[in-house]
Amino acid sequence: MNWLIEPLGFEFMRNALTMGVMLGVLCAVVGSYMIVQQMSMMGDMIAHSVLAGLPVALVLGLPLSLGALVAGVVSAVVLAGIESQSRLKMDSVMALILASFLAIGTTLVTVLPGANRIDVIHVLFGDILGVNRGDLMLTFGVTLIILICVCLFYKELLFYTFDPIGAQAGGLQVRWYYLGIVTAISLTIVASLQTVGVLLVIAMLVSPGMTAYLLVKELHQMMILGGCLGAFASIAGMYLSFYLDIPSGSAIVLVAFGLFLLAFLFSPSQGILTQSDFVKDILLKSSKGSS
7 MNWLIEPLGF EFMRNALTMG VMLGVLCAVV GSYMIVQQMS MMGDMIAHSV
57 LAGLPVALVL GLPLSLGALV AGVVSAVVLA GIESQSRLKM DSVMALILAS
107 FLAIGTTLVT VLPGANRIDV IHVLFGDILG VNRGDLMLTF GVTLIILICV
157 CLFYKELLFY TFDPIGAQAG GLQVRWYYLG IVTAISLTIV ASLQTVGVLL
207 VIAMLVSPGM TAYLLVKELH QMMILGGCLG AFASIAGMYL SFYLDIPSGS
257 AIVLVAFGLF LLAFLFSPSQ GILTQSDFVK DILLKSSKGS S
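In terms of my numbering, the sequence shown is residues 7 to 297.
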């Protein structure tokens, strides 16, 4: 038991574990809506678009998190506007916005006075070991607000998620629900920048939810199980990082991916190794090869 207790003797590990658990739950809840609505690549787009807001916020003397949030929401609004007013496919528009906002961010870091103080490497890869109480309070606030909103509007979000056309016909203001989900994604990404960074946050948004999707059928079950898996991945990843001396964010993502692989292979209902047809095909091919 000493190997479990020893890391807890360090304050940075306690802070990192607390942050990891909160983000594991938050990313799973928000990511579940992304997966069901097939918006996973939107998370990737927003994660890269937030870079455009960082130098502007720094020059204006505003919190970097506010600049990142505004840039993320603006990128999603621009996406919706272009898609609704043209015949272009969403994936093409996403690729354009991702590249454009990323270019805007890197340009502003170079052009705006003092913006070069932004540590781009830190933003891209994060540093969960450097979180402080202020970061924990921010993440706790974001997590609490999003969870409360999900509980209050669960039925409406469920309707909109699975049948947006029917929801609009039923009188729901689908644009506001779209904006709400986009804002939740942006807030989650902003809260995760310190932990795993832009390049890895998309994995935490989709991995726990995808794993749960293979194991359960209901959306609320997907969010609950995904939250547990996300928290476990964060804790296990931090312990692996501590004892193996590997990057913390990468370790968390690799554990989450490992859990997905287990579900992909052994899920009782959807695992490829538990599907009788798949196993029969493998045995049939092997028997033909041996004969």
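For every residue, glycine included, the Cβ atom is placed at its ideal position computed from N, Cα and C.
Residue j and residue i - do their beta-carbons sit closer together than 7 Å?
{"i": "Ser-240", "j": "Gly-30", "result": "yes"}
{"i": "Leu-108", "j": "Leu-57", "result": "yes"}
{"i": "Ala-269", "j": "Leu-211", "result": "no"}
{"i": "Ser-38", "j": "Gly-277", "result": "no"}
{"i": "Phe-131", "j": "Gly-243", "result": "no"}
{"i": "Leu-310", "j": "Met-51", "result": "Here the chain has residues from 7 to 297 only, and residue 310 is not among them."}
{"i": "Leu-60", "j": "Ile-110", "result": "no"}
{"i": "Leu-75", "j": "Ala-63", "result": "no"}
{"i": "Met-47", "j": "Met-100", "result": "yes"}
{"i": "Leu-260", "j": "Leu-271", "result": "no"}
{"i": "Leu-118", "j": "Val-156", "result": "no"}
For the candidate residues the options, whose alpha-carbon lies nearest to that of residue i?
{"i": "Thr-201", "options": "Cys-234, Gly-136, Leu-220", "result": "Gly-136"}
{"i": "Gln-44", "options": "Tyr-166, Gln-91, Trp-9, Glu-162", "result": "Tyr-166"}
{"i": "Ala-82", "options": "Ser-71, Gly-73, Ser-55, Leu-64", "result": "Ser-55"}
{"i": "Thr-194", "options": "Asn-122, Pro-13, Trp-9, Met-25", "result": "Met-25"}
{"i": "Ser-106", "options": "Asp-133, Ser-92, Ala-77, Val-35", "result": "Ala-77"}
{"i": "Tyr-160", "options": "Gly-186, Ile-252, Gly-120, Arg-139", "result": "Gly-186"}
{"i": "Val-36", "options": "Leu-225, Asp-251, Pro-13, Ala-121", "result": "Leu-225"}
{"i": "Ala-209", "options": "Ala-121, Glu-17, Gly-49", "result": "Gly-49"}
{"i": "Cys-234", "options": "Val-27, Ser-90, Val-129, Arg-20", "result": "Val-27"}
{"i": "Gln-227", "options": "Tyr-183, Gln-281, Leu-164", "result": "Leu-164"}
{"i": "Ala-218", "options": "Ala-173, Ser-273, Asp-97", "result": "Ser-273"}
{"i": "Gly-67", "options": "Met-96, Ala-121, Leu-158", "result": "Ala-121"}
{"i": "Leu-142", "options": "Trp-9, Ile-11, Ala-22", "result": "Ala-22"}
{"i": "Val-129", "options": "Leu-144, Thr-112, Asn-138, Gly-140", "result": "Thr-112"}
{"i": "Leu-153", "options": "Ile-230, Trp-9, Arg-139, Phe-16", "result": "Ile-230"}
{"i": "Val-133", "options": "Phe-18, Gln-281, Glu-89", "result": "Contrary to the premise, residue 133 reads as Asp rather than Val in this sequence. Among Phe-18, Gln-281, Glu-89, the Cα nearest to that of Asp-133 is on Phe-18."}
{"i": "Glu-12", "options": "Tyr-245, Ile-252, Ala-173, Gln-281", "result": "Tyr-245"}
{"i": "Val-84", "options": "Met-216, Tyr-184, Leu-10, Val-196", "result": "Tyr-184"}
{"i": "Pro-214", "options": "Gln-91, Leu-144, Gly-177, Val-42", "result": "Val-42"}
{"i": "Ser-90", "options": "Asp-169, Gly-177, Arg-181", "result": "Arg-181"}
{"i": "Asn-138", "options": "Arg-20, Thr-116, Val-79, Ile-171", "result": "Arg-20"}
Classify residue i as buried or exposed, calling it buried when 16 or more other Cβ atoms lie within 10 Å of its own Cβ.
{"i": "Met-258", "result": "The sequence shown places Ile at residue 258, not Met. Ile-258 should be labelled buried."}
{"i": "Cys-33", "result": "buried"}
{"i": "Phe-248", "result": "buried"}
{"i": "Met-7", "result": "exposed"}
{"i": "Ser-198", "result": "buried"}
{"i": "Pro-69", "result": "exposed"}
{"i": "Leu-206", "result": "buried"}
{"i": "Asp-97", "result": "exposed"}
{"i": "Ser-275", "result": "exposed"}
{"i": "Leu-250", "result": "exposed"}
In the DSSP assignment, find the alpha helix (DSSP H) that holds residue i and state where it starts and stops.
{"i": "Arg-139", "result": "139-158"}
{"i": "Pro-170", "result": "170-175"}
{"i": "Phe-107", "result": "96-117"}
{"i": "Val-20", "result": "Before going on, a small fix: residue 20 reads as Arg here, not Val. Taken as a continuous stretch (DSSP letters only), the alpha helix (DSSP H) holding Arg-20 covers 17-42."}
{"i": "Thr-201", "result": "Careful: Thr-201 lies outside any alpha helix (DSSP H) and carries neither H nor E."}
{"i": "Val-259", "result": "254-272"}
{"i": "Asp-50", "result": "46-55"}
{"i": "Ala-77", "result": "70-90"}
{"i": "Leu-64", "result": "59-66"}
{"i": "Met-7", "result": "Unbroken run through Met-7: none, as it is neither H nor E."}
{"i": "Gln-227", "result": "225-250"}
{"i": "Ile-127", "result": "126-131"}
Would residue i pass as an interface residue toward chain B - the criterion being a Cβ-Cβ separation below 7 Å?
{"i": "Phe-159", "result": "Protein chain content of the structure displayed is limited to a single chain, and chain B is not contained in it."}
For the 8 Å Cβ check, are there 3 or more pairs between the segment 182-194 and the segment 144-154? yes
Cβ contact (3+ pairs, closer than 8 Å) linking the segment 221-241 and the segment 258-269: yes
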